[in-house]
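Input: a single structure, listed below in structure tokens.
Number of protein chains: 2
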Amino acid sequence: MKTEVDFAKAGGLVPAIAQDFQSGQVLMLAWMNEEAFQETLRTRRAVYFSRSRNKLWRKGEESGNVQQVRDILIDCDADTILLKVEQIGGAACHEGYASCFFRQLNHDGHVHATLGERLFDPKQVYHK
Amino acid sequence: MKTEVDFAKAGGLVPAIAQDFQSGQVLMLAWMNEEAFQETLRTRRAVYFSRSRNKLWRKGEESGNVQQVRDILIDCDADTILLKVEQIGGAACHEGYASCFFRQLNHDGHVHATLGERLFDPKQVYHK
């Protein structure tokens with residue numbers, strides 16, 4: 358099934374931003390290939406493509422913190438996806454924070470603050 | 358000047374999300390190389406790297422719609438940047454919309470709605 362997203366232009370992978378559908382907080386950025394996008398459309402749960410593991414990444418399959426997709430938008434170039442999601446468990450980040458963007462940079466480009474609090478302990482969730 | 362962002366891992370370019378610092382609306386996604394990021398830090402205006410033109414893209418240099426950077430965050434992997442910006446002129450998108458993400462997809466992955474209104478006519482701004 359052909360969709361509107363231009364996977365060819367970007368070499369098969371496009372960035373996908375997940376944003377909390379209620380608060381507007383940007384939760385994370387990951388990547389999708391066409392298969393991940395199709396499964397996301399079909400299941401209404403966010404499925405990404407893991408570049409490090411080189412396979413589909415069904416977000417939350419390990420932690421239980423799935424993302425229920427409320428809305429899907431694409432940008433003017435059709436090569437970036439924006440998902441409005443309900444983040445089950447409240448934390449999108451594998452570090453336990455609501456958002457992966459929990460580190461604020463100072464004017465020199467170094468971390469000077471951590472925003473938000475850990476909602477879970479990664480060691481407890483991932484059994485590493 | 359070395360910063361916290363891991364440009365090496367991603368082949369020199371990392372995605373940068375621009376989000377309205379007040380409303381939380383996601384405005385666009387573009388790319389930064391280290392030079393673009395350094396200039397963004399220094400000038401507090403968003404500077405991207407245009408993959409199509411293969412050079413720095415000082416956002417707004419043509420349209421006047423610069424992005425004043427209020428806050429800079431990085432994600433847990435240090436390979437994605439989130440800019441909280443004040444979008445001068447109100448429209449981030451070259452199509453005249455506040456956000457580049459003005460197209461909403463239906464369950465089949467096709468556009469079924471346009472969100473928001475054109476704030477400017479691209480033909481008037483870019484003299485194409």
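Protein sequences, first through last, are from chains A and B.
Following this note's numbering, the numbering of the first sequence begins with 358 at its first residue and continues without gaps.
Following this note's numbering, the numbering of the second sequence begins with 358 at its first residue and continues without gaps.
Note that CB positions come from ideal geometry on N, CA and C, so glycine has one too.
These numbers were taken from a predicted model, which means no experiment stands behind them.
query, result
"Determine the direct distance from the alpha carbon of Val404(A) to that of Asn411(A), and round the result to whole angstroms.", "13 Å"
"Taking Val383(A) as the reference, give the member of Val442(A), Gly466(A), Val362(A) and Phe477(A) with the closest Cα.", "Val442(A)"
"Note down, in chain order, every chain B residue with its Cβ under 7 Å from the Cβ of Arg460(A).", "Leu430 and Ile431"
"Where does the unbroken beta strand (DSSP E) through Leu439(B) begin, and where does it stop?", "Ile438 to Gln444"
"Taking the alpha carbon of Val482(A) as the point to measure from, which residue in Ser456(A), Glu452(A) and Cys457(A) has its own alpha carbon closest?", "Glu452(A)"
"Does the beta-carbon of Gln379(B) have 16 or more other beta-carbons within 10 angstroms, so that it is buried, or is it exposed?", "exposed"
"Quick one: grab the DSSP three-state call for Phe394(B).", "helix"
"Tell me the rounded alpha-carbon separation between Ser420(A) and Ala449(A).", "10 Å"
"What does Phe394(B) reach in chain A if we use C-beta pairs closer than 8 Å?", "Gly466"
"Could you list which residues in chain B have their beta carbon closer than 8 Å to that of Gly368(A), in chain order?", "Within 8 Å Cβ-Cβ: nothing; Gly368(A) doesn't reach chain B, min ~11 Å."
"Pick helix, strand or coil for Arg402(A), following the three-state DSSP scheme.", "strand"
"For Lys412(B), which three-state DSSP category applies?", "strand"
"Using a Cβ-Cβ cut-off of 9 Å, state whether Asp363(B) counts as contacting chain A.", "no"
"Between the segment 366–390 of chain A and chain B, which residues of the former have CB atoms less than 8 Å from a CB of the latter, in chain order?", "Pro372, Ile374, Gln376, Ser380, Gly381, Gln382, Val383, Met385 and Leu386"
"Please return the same chain residues whose Cβ sits closer than 8 Å to the Cβ of Pro479(A), not counting the five positions on each side in sequence.", "His451, Glu452, Gly453 and Lys485"
"So, at 8 Å on beta carbons, what are the nonlocal neighbours of Gly473(B) in its own chain, with the 5 sequence-adjacent residues on each side left out?", "Tyr454, Ala455, Ser456 and Phe459"
"In this structure, what does DSSP give as the bridge partners for Ser407(A)?", "Lys412(A)"
"For chain A, find out if any of its Cβ atoms is closer than 9 Å to the Cβ of Glu474(B); answer yes or no.", "no"
"Within the continuous beta strand (DSSP E) that includes Gln424(A), where are the two ends?", "Gln424 to Ile431"
"Establish whether the CB of Glu452(B) and some CB of chain A are separated by less than 9 Å.", "yes"
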